[in-house]
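First comes the structure, then the notes that go with it.
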Amino acid sequence: MSILDQIELSNTPEHIAIIMDGNGRWAQQQGENRLFGHNFGVESVREALKASQDLGVKFLTLYAFSTENWNRPQEEVDGLMNLLVTTIGNEVDELHESNVIISTIGNMAGLPKSCQDKLAEASSKTKNNTGVNLVLALNYSAQWEIVEVVKDIVKDVSNGVLSVENICKETISSNLTTSGIPDPELLIRTSGEHRVSNFLLWQIAYSEFHFTDVLWPDFKKEDLYKAVLDYQSRERRFGRVSAQIENNR
Ligand code: IPE
Ligand code: IPE
Ligand code: MG
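Residue numbers for the sequence shown follow the numbering used here, so the first one is 2 and each next one is one higher.
Right under this line is the structure:
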């Protein structure tokens, strides 16, 4: 039986988030420079997207560039920014045809103007589509995002728009850049690293984590199916005990 056939389609995650890691090590294994790996990683984005479409996943969030990634050698940073602009330019029509909605999370104002323009164009072109939401995390860090939320809340309190007693979980989640996006049920990280690297800290409070040793440029549709199968083998208890869970596996 193929992996896809083993997946229970009525119990797939609505939102999958991926920390796409391992491009540099993959390139090194091929005796190539790091940008070669990033270029190949684009093919894996296509694979992950197609697999999400197959499974009826509604949101696919990809960690593509963290706030900390600015600390890489300038040549790599420039290469990544160029890759982003070229890839969006090359892919937007096909993504639009396949009904994908393109959006972003992160500090867009900190990206080069050419990237901001391409992303804004892609998101406005695809905003009325009804298929998978492809959310690109760019110049993103969860701690940055939380600091911004704190500032917004403090402003609202000092302007008298919000009272301290009324601050609740919803106040925070609705001010995050992921506002309106359900929390990911499943977080995948490739390349054998077992860390979160400043990704979606608030939103992954109850996510299931799937770690794979596969390097991102080697990631195929089957790897996403495997992650979903692993997710479906988990019992999500949300603090309760096993006996309280319906459809106990
Ligand atoms: C992930 O691959 C891509 C980005 C962070 C932009 P890396 O470039 O981190 O690859 P490794 O971890 O060095 O192998
Ligand atoms: C996390 O990968 C960021 C992205 C995938 C965009 P890194 O390769 O930058 O993470 P660390 O530095 O190894 O934790
Ligand atoms: Mg890495």
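Beta carbons are placed, not taken as given, at the ideal position from N, Cα and C, and that holds for glycine. Every value quoted in this text rests on a predicted model; they were computed, and no experiment measured them.
Under the criterion of a Cβ to heavy atom distance below 6 Å, does residue i qualify as lining ligand 3?
i       : result
Asp-214 : no
As a quick exercise: from the options, pick the residue whose alpha carbon is nearest that of residue i.
i       : options                           : result
Thr-62  : Leu-56, Leu-137, Ala-110          : Leu-137
Glu-48  : Val-151, Leu-201, Asp-219         : Asp-219
Met-109 : Ser-159, Asn-140, Arg-35          : Asn-140
Ala-18  : Glu-166, Pro-74, Thr-131, Thr-105 : Thr-105
His-39  : Ile-89, Thr-127, Asn-130, Trp-217 : Trp-217
Trp-27  : Ser-45, Thr-13, Asn-12, Lys-126   : Ser-45
Gly-57  : Glu-76, Thr-88, His-16, Gly-23    : His-16
Ala-123 : Gln-144, Glu-149, Glu-92          : Glu-92
Asn-129 : Ile-20, Leu-96, Ser-115           : Leu-96
Gly-90  : Glu-77, Gln-117, Glu-76           : Gln-117
Pro-113 : Ser-125, Leu-84, Lys-126          : Leu-84
Thr-13  : Ser-192, Ile-246, Leu-187, Met-82 : Leu-187
Which of helix, strand or coil does DSSP assign to residue i?
i       : result
Leu-216 : coil
Glu-209 : strand
Ser-104 : strand
Ser-53  : helix
Phe-66  : strand
Ile-246 : coil
Ile-85  : The residue you asked about is not Ile; residue 85 is Leu in the sequence shown. Correct three-state label for Leu-85: helix.
Ile-8   : coil
Leu-96  : helix
Leu-120 : helix
Leu-225 : helix
At a cut-off of 6 Å, is residue i close to ligand 2 when judged by its beta-carbon and the heavy atoms of the ligand?
i      : result
Met-21 : yes
Tyr-64 : yes
Is residue i near ligand 1, judged by its Cβ being under 6 Å from some heavy atom?
i       : result
Arg-190 : no
Secondary structure, alpha helix (DSSP H): runs of 4+ residues fully inside the region 124-200: 143-159, 170-174
Touch test, the region 26-38 against the region 7-15, Cβ-Cβ under 8 Å, three pairs minimum: Output reads no: the region 7-15 does not touch the region 26-38.
Touch test, the region 91-104 against the region 161-173, Cβ-Cβ under 8 Å, three pairs minimum: no
Validate contact between the region 230-242 and the region 197-213 using beta carbons, cut 8 Å, 3 pairs: yes
Cβ contact (3+ pairs, closer than 8 Å) linking the region 168-182 and the region 38-52: no
Entirely enclosed alpha helix (DSSP H) segments - the region 21-45, minimum 4 residues: 24-30
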